[in-house]
Amino acid sequence: MKTIKSLLLSLISITVFASCSNDDSEAKTVQYYDDCFHHVYNVMSGEYKIFEAPQYEFEFNYTDITANVKIKNVKFADGMPAINMTLENLKWNISNGFKVINANNVIPVVDGNAMPEYMLNSVKIELLDRYVGVYYEPIVNVYFVINDMFKVTAVQEDILYFGETSVTSMSGGNPYTINTPVYQLSIDEDMIADLKIAGAKFAQGMPSLDMEFENIPVEISSGVGYTLKCESLIPEINDVPFPNYQITNLIGMGTFSKGLDLSFNCVMTKTMDDGSVVELPPYKVDADLHFEVPAE
Amino acid sequence: MRREYIITIIVLCLSVVDLWAQLGEAVADTTLTLQEISVSAIKQSSNMRVQPITSTIIGGDVIERLNIDAMKNVSEMAPNFYMPDYGTRMTSSIYVRGLGARIDQPVVGLNVDNVPFLNKDNYDFDAVDIERIEVLRGPQSTLYGRNTMGGLINIYTLSPMKCQGLRLLAEYGSGNSLKTAVSYYTKIQPRLAISWSGYYSMTDGFFDNKHSGSDCDTEKQGGFRWKTQWRIADNVNLENVASTQFSRQEGYPYASVITDEINYNDTCFYKRTSITDGLTIKWLNDKFTLSSISSFQYIDDDMTLDQDFLPLEYFTLTQKRKEWALTQDFVVRGSVGKYNWLGGLFCFYKSSDMSAPVTFKDYGIDQLIEKHRNEANPYYPVNWDDETFVLGSDFKTPTWGVAIYHQSSYKIGRWNFSAGIRLDYERVALDYHSYCNTSYTTYDCTDTQELEKVFNNHEVVIDDQGSLNKSFVELLPKVSVVYSFSPLNESNIYASVSKGYKAGGYNTQMFSDVLQQRIMKLMGLGMKYDIDDVVGYDPEESINYELGAHLTTNNGMFNADVALFYVDCRNQQLTMFPDGTTTGRIMANAGKTRSYGLETSVVYRPSAKWMFNASYGLTDARFVEFNNGKNDYKGKRIPYAPRNTVFAGMTYRQPLNAKWIDAMSFNLNCRGVGSIYWNEENSEKQPFYALLGASMRLEHARYSVDLWAENIADKEYKTFYFVSIGNGFYQQGKPARMGVTLRYNFEM
Chain E
1 MKTIKSLLLS LISITVFASC SNDDSEAKTV QYYDDCFHHV YNVMSGEYKI
51 FEAPQYEFEF NYTDITANVK IKNVKFADGM PAINMTLENL KWNISNGFKV
101 INANNVIPVV DGNAMPEYML NSVKIELLDR YVGVYYEPIV NVYFVINDMF
151 KVTAVQEDIL YFGETSVTSM SGGNPYTINT PVYQLSIDED MIADLKIAGA
201 KFAQGMPSLD MEFENIPVEI SSGVGYTLKC ESLIPEINDV PFPNYQITNL
251 IGMGTFSKGL DLSFNCVMTK TMDDGSVVEL PPYKVDADLH FEVPAE
Chain W
1001 MRREYIITII VLCLSVVDLW AQLGEAVADT TLTLQEISVS AIKQSSNMRV
1051 QPITSTIIGG DVIERLNIDA MKNVSEMAPN FYMPDYGTRM TSSIYVRGLG
1101 ARIDQPVVGL NVDNVPFLNK DNYDFDAVDI ERIEVLRGPQ STLYGRNTMG
1151 GLINIYTLSP MKCQGLRLLA EYGSGNSLKT AVSYYTKIQP RLAISWSGYY
1201 SMTDGFFDNK HSGSDCDTEK QGGFRWKTQW RIADNVNLEN VASTQFSRQE
1251 GYPYASVITD EINYNDTCFY KRTSITDGLT IKWLNDKFTL SSISSFQYID
1301 DDMTLDQDFL PLEYFTLTQK RKEWALTQDF VVRGSVGKYN WLGGLFCFYK
1351 SSDMSAPVTF KDYGIDQLIE KHRNEANPYY PVNWDDETFV LGSDFKTPTW
1401 GVAIYHQSSY KIGRWNFSAG IRLDYERVAL DYHSYCNTSY TTYDCTDTQE
1451 LEKVFNNHEV VIDDQGSLNK SFVELLPKVS VVYSFSPLNE SNIYASVSKG
1501 YKAGGYNTQM FSDVLQQRIM KLMGLGMKYD IDDVVGYDPE ESINYELGAH
1551 LTTNNGMFNA DVALFYVDCR NQQLTMFPDG TTTGRIMANA GKTRSYGLET
1601 SVVYRPSAKW MFNASYGLTD ARFVEFNNGK NDYKGKRIPY APRNTVFAGM
1651 TYRQPLNAKW IDAMSFNLNC RGVGSIYWNE ENSEKQPFYA LLGASMRLEH
1701 ARYSVDLWAE NIADKEYKTF YFVSIGNGFY QQGKPARMGV TLRYNFEM
């Protein structure tokens, strides 16, 4: 489903871009994004709420370097009706490959009317256009504050990471470094994450594994990033639990626009012929992950 | 080789040459025919011995006396030429000067009556009425192109223009081996001659399979050849050779290293039917000769293997193939005074359809898949739902190429300078279809060790199709210089540098590795490799440096050839383990090797009754670079390539002038080879061994009877060794054997 959505999104983007080219005086792109949910932190109460299914429409004008952002289905409190707001004529720039919007005190337009009661004290939007293979897999970071009270973070539900994984055996020896594993982090509205590692390897000569770590609690730091933390879990390979590859002390510190620093231990056990279980020296895994897709 | 040794050997050669020159001038002018005179070959001089080429020519007399009816019989007779006899007719591994190939492309080309054989799986066949065999060593790529990096073998059959009549052959020997052949040669008109040759042979072989209790290297084979030679005009010659051959063989007689028994439970056989036709047309005028060589080749073969060679239900492999090929070579030769030139255009197209399914059986599934997977996770073990499943692979491999080449030579006094160049383009494609449909069940054994509680069920469905292609361009130069000691005889010294190459392509046998990784990937283990990386490979190239001499006394009583060589081989085609994995090989051009050595051969006929011939080859062939991702083999000897080859023969012919017998002759010969290392680690080897042979012939103008024996001392030796799923296997050489051959010629 996610794959189909990515493909459709890219197809729609291209179609709209092509249709916008009819106006020879301005170059624009329109992109849609809904692979997220809103984490809304109430400054007053200190609590957060999750609101599902917001939809974003980004219109970037390359001629006057302005952007219009439409956000549909926005809620930031229980009981309030969902609203559709438009943020108009925002300035944007390119930074580290991201299209970046930074704005303060933006009055949104709701149903054609300016709504100062919903003033966005600060708006930060970062969008990285990225292809992984033939699939469009953007990175989108949206954070805004409403009336200095509600801190809204659009949490991307699926993110692919790449980077260097370093594995050190607790029994000693030089670290084993590998750049080929692909990490997929999926966060749901219950603030629970699944982490899939395709091609995980802990040692030279070991066959690579497609591992899945499920039910990892997530904490969001509004506008900053997220934290993954899990004392212990049993990974799955091909939907089958592997109790003899126990994962412990998993910690991940991620920012929505920079990447993820992940570490965990893998404690392996071996069942001997007599049925006894022997614990092998564990591996410590450190992964320095980012969004940049490696060149083939 | 240390420099001082090289210098010493060169000095010795020159000393011999000098001595030879003195001897040659002193002998009588009686001329003795040493060997059958070479007939005109299209791309080379009629006499190899004036060329800067290291060659061994085996004439018809020797062919009959040593019972040579296939290329494997020529092994060791030419120095540093080794063609081991193992497996089936499909295994045509040839090693020359340390260069060889077991996988895919050959290093030595084969022409039969000037028709190039493109597939080395078709190299091993019997032939009757062979007139001569030429073994050219060193790269022949400038004139012959692809896959002649180590050399070239030319086989010529009898010409109906030269001999007419009916020839019969009947032979019986050890292993219940029977062979019969009938040939008819006739001139329909003074300028038109045809011949028909047919043969059939069968043998029970020499090895038994303990599991079945029956012979496992039996063979039935036969063939037919129709040769037409037509002198259309005084300056236009046409020759067409059409042939077909079939072979039906049982088994691969591989014995376990541990038990020394041949013992496997599944069927092994190889069947092959081949058809070839070659049309050669030569047109001569005052200024040049234009030749056209066209050929058609068709192979239909089927190989089925018990790939574990054990009495266990592991897995079997079947490879069924239909392949056809067309070749066309235009050659123009001419001379202007002392300048000789040759130019040519060659093109070919080959298309192969192959189906190569691997059938995994119960024990193989248990040991190769379930066991490894369940060791990794005994809490949730898997059990395959099927007792057997098939990993299917179908391939289409169209290949085509075109080349232009040129060679010029110029004579100044006794010096002859020659240079040649070839530009070769080749494109190979692979269309593949891999498929598999099976499943397995995972059980929850966290509370119990019994397979009772099903956790889930997984389908393993593979249906992959794709196309790959590669193109190669090769520039193949050659330079040489020859100094002749006398314009009257064949004594000369020469030096040459030449480049050779072995074509790139796709090794379809590696698809089993692809599918293995694919299944592991579906189970959550292993990496999915890029197929092109796994099975594709680029050309392998070599540079050959050679210094040699041909020495002949004026009376022709003594011939000697000697050569020193150095071969530098790059981009060697090897299998490797990427990133240090224990499974999942890939093809790679990752090696560099070098080999150097010397070759020498002598033929001495002191009188009409006696003939002595001997040859010796020494090769030191090693890896300069070869790290396969698990081990570094730098400095190790190249496996399967022998260090020494030896051949020695002595023939005595006594005329009797009796009513029914004109002469009696005896031959004693010895051929030796070794040492041979069987693996890159150089941990397993076959030491040097020698095999004694003898024959006695009673001959008459019309018939002859040969009593012969081979490996008289019943020497035990290995011809092949390999490892399959961690188990070592070898093939024993053939034991002592003897037989009788009757030949009868009716001249008409």
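Chains as they are written, first to last, in my numbering: chain E, 1 to 296; chain W, 1001 to 1748. The beta-carbon is built from N, C-alpha and C at its ideal position, and this holds for glycine as well.
Would you verify that the beta carbon of residue i is, or is not, closer than 7 Å to some beta carbon of chain W?
i	result
E/Leu195	no
E/Asp234	The sequence shown places Ile at residue 234 of chain E, not Asp. Not an interface residue.
E/Val240	yes
E/Asp261	no
E/Ala287	no
E/Ile247	no
E/Ile187	no
E/Thr168	no
E/Leu160	no
E/Thr271	yes
E/Leu209	yes
E/Pro243	yes
Does the beta carbon of residue i come closer than 7 Å to any beta carbon on chain E?
i	result
W/Thr1645	no
W/Met1523	yes
W/Pro1539	no
W/Tyr1380	yes
W/Leu1012	In this predicted model, W/Leu1012 has a pLDDT of only 43, less than 50, meaning its place in the structure is not dependable enough to derive any value.
W/Thr1388	no
W/Asn1377	yes
W/Thr1442	yes
Pull up the CB-CB distance for residue i and residue j, whole angstroms please, since I reckon it's below 8 Å.
i	j	result
E/Lys124	E/Asn102	6 Å
W/Leu1551	W/Tyr1506	The Cβ separation is near 46 Å, so there is no contact.
E/Asn238	W/Met1520	Not confirmed; about 10 Å, so no contact.
Consult DSSP for residue i and reduce its assignment to one of helix, strand or coil.
i	result
W/Ser1409	strand
W/Thr1508	helix
W/Gly1060	helix
W/Arg1065	helix
E/Tyr118	helix
W/Ser1294	strand
W/Asp1538	coil
W/Asn1727	strand
W/Met1077	coil
W/Tyr1363	helix
E/Val152	strand
W/Leu1143	helix
In terms of alpha-carbon separation, which member of the options lies closest to residue i?
i	options	result
W/Thr1316	W/Arg1333, W/Leu1391, W/Pro1539 and W/Gly1334	W/Leu1391
W/Trp1415	W/Ser1480, W/Asp1362 and W/Lys1396	W/Ser1480
W/Lys1287	W/Val1332, W/Leu1515 and W/Ser1247	W/Val1332
E/Ile107	E/Asp129, E/Asn84 and E/Cys266	E/Asn84
W/Leu1698	W/Asn1285, W/Asp1662, W/Lys1609 and W/Ile1676	W/Asp1662
W/Ser1243	W/Leu1598, W/Gly1343 and W/Trp1226	W/Trp1226
E/Lys28	E/Asn141, E/Pro54, E/Asp35 and E/Thr66	E/Thr66
W/Asp1561	W/Glu1541, W/Lys1187, W/Val1602 and W/Leu1547	W/Val1602
W/Tyr1184	W/Phe1224, W/Ser1177 and W/Thr1304	W/Phe1224
E/Ala77	E/Val167, E/Val43 and E/Gln246	E/Val43
Taking only beta-carbon positions, decide if residue i is within less than 7 Å of chain B.
i	result
E/Ile237	Here chain B cannot be found, since the structure's protein chains are E and W.
Inside the region 1378 to 1431 of chain W only - beta strand (DSSP E) runs reaching at least 3 residues: With a minimum length of 3 residues, the continuous beta strand (DSSP E) runs that stay inside the region 1378 to 1431 of chain W are 1382 to 1384 and 1389 to 1412.
At what residue ranges does the region 1550 to 1626 of chain W contain a whole run of the beta strand (DSSP E), taking only runs of 3 or more? 1558 to 1576, 1586 to 1604 and 1610 to 1625
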